[in-house]
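A.B. asks:
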Amino acid sequence: ELDGKVGMSVGVPAEFVKAKHPDDWDGTNETFADPSGAVTVFVDRDVKADDEDGKIPDTAGANAWADWEMLKDGEYSWNFASDPAPRGEPSETEYRGEKAAENTIAYTTADTQNPRAREFRILYYRAGNGDMCKVSVDYPREGYFADEGREIARAVIANWEVGKTGGPAT
492 ELDGKVGMSV
502 GVPAEFVKAK
512 HPDDWDGTNE
522 TFADPSGAVT
532 VFVDRDVKAD
542 DEDGKIPDTA
552 GANAWADWEM
562 LKDGEYSWNF
572 ASDPAPRGEP
582 SETEYRGEKA
592 AENTIAYTTA
602 DTQNPRAREF
612 RILYYRAGNG
622 DMCKVSVDYP
632 REGYFADEGR
642 EIARAVIANW
652 EVGKTGGPAT
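If you count the sequence shown from 1, you need to add 491 to reach my numbering.
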């Protein structure tokens, strides 16, 4: 269970380590990673009450498509190479019987010296209070640990809990 503005709970393997927060951390996200760096789990909550500019999309699907528009041709700040271009497409799904969206993006890292084939799986859910909640898992797309990464992603997403208010999930 994650405290503060995150307001979610997420299950990760016991060996995963929570990332340290930067000095300007706003309390709305957390990152957990396997010490090897092979698999990383992210949770993020965009708080509607703090959205003075109206940047939070009205639906999970709209958020998924907005992210895909940014990522589909590569995005250096996310470590997504442009060549080859990432592959994926958002789709509608459900989270606990309510509308949600998801995308599994196959991409190559932007590291020109040692590019790696990766997969990024993300689930979007817009809570009743308007907060946009996301859980995502980044893992190898090829090689020995690809299936393990996919299984971790499946389990993390299946067990993800979003609190109905801005507080911790119950």
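Note that CB positions come from ideal geometry on N, CA and C, so glycine has one too.
1) Quick one: using the 10 Å Cβ neighbour count with 16 as the cut-off for buried, is T661 buried or exposed?
2) Check this for me: beta carbons of N554 and F533, under 8 Å apart or not?
3) Using a Cβ-Cβ cutoff of less than 7 Å, which residues in the same chain neighbour C624 once the five nearest sequence positions on both sides are dropped?
4) What residue from F636, K511, Q604, R578 has the CA that sits closest to E560's CA?
5) Looking at C-alpha atoms only, which residue of T600, I596, P606 is the closest neighbour of R612?
6) I want to know whether the segment 579-598 touches the segment 544-554 - three or more CB-CB distances under 8 Å.
7) So for S573, helix, strand or coil by DSSP?
8) Let me confirm a value: R609 is counted as buried when at least 16 other C-beta atoms fall within 10 Å, else exposed. Which label applies?
9) Can you tell me where the beta strand (DSSP E) holding D670 begins and where it ends?
10) Assign G640 to buried or exposed, taking buried as 16 or more other Cβ atoms, counted over all protein chains shown, within 10 Å of its Cβ.
11) DSSP state of S568, grouped into three classes?
12) Return helix, strand or coil for V538, following the three-state DSSP convention.
13) Going by alpha carbons, who is nearest to D542 out of P631, I643, G621, A524?
14) Thinking C-beta only, is V503 closer than 8 Å to W651?
15) Given a cut-off of 8 Å on the beta-carbon distance, is the pair A510 and T522 in contact?
16) Which word fits V497, buried or exposed, when buried means at least 16 other C-beta atoms lie within 10 angstroms of its C-beta?
C.D. replies: Working from what's here:
1) Low per-residue confidence applies at T661: pLDDT is 30, beneath 50, and the placement is therefore not dependable, though the value from the model is reported in the following sentence. Looking at its Cβ environment, which holds fewer than 16 other Cβ atoms inside 10 Å, T661 is exposed.
2) no
3) M499, R536, Y616, A618, V653
4) R578
5) I596
6) yes
7) coil
8) buried
9) What the structure shows of the chain is the stretch from 492 to 661, and residue 670 is not part of that stretch, so it cannot be assessed.
10) buried
11) helix
12) coil
13) G621
14) no
15) yes
16) buried
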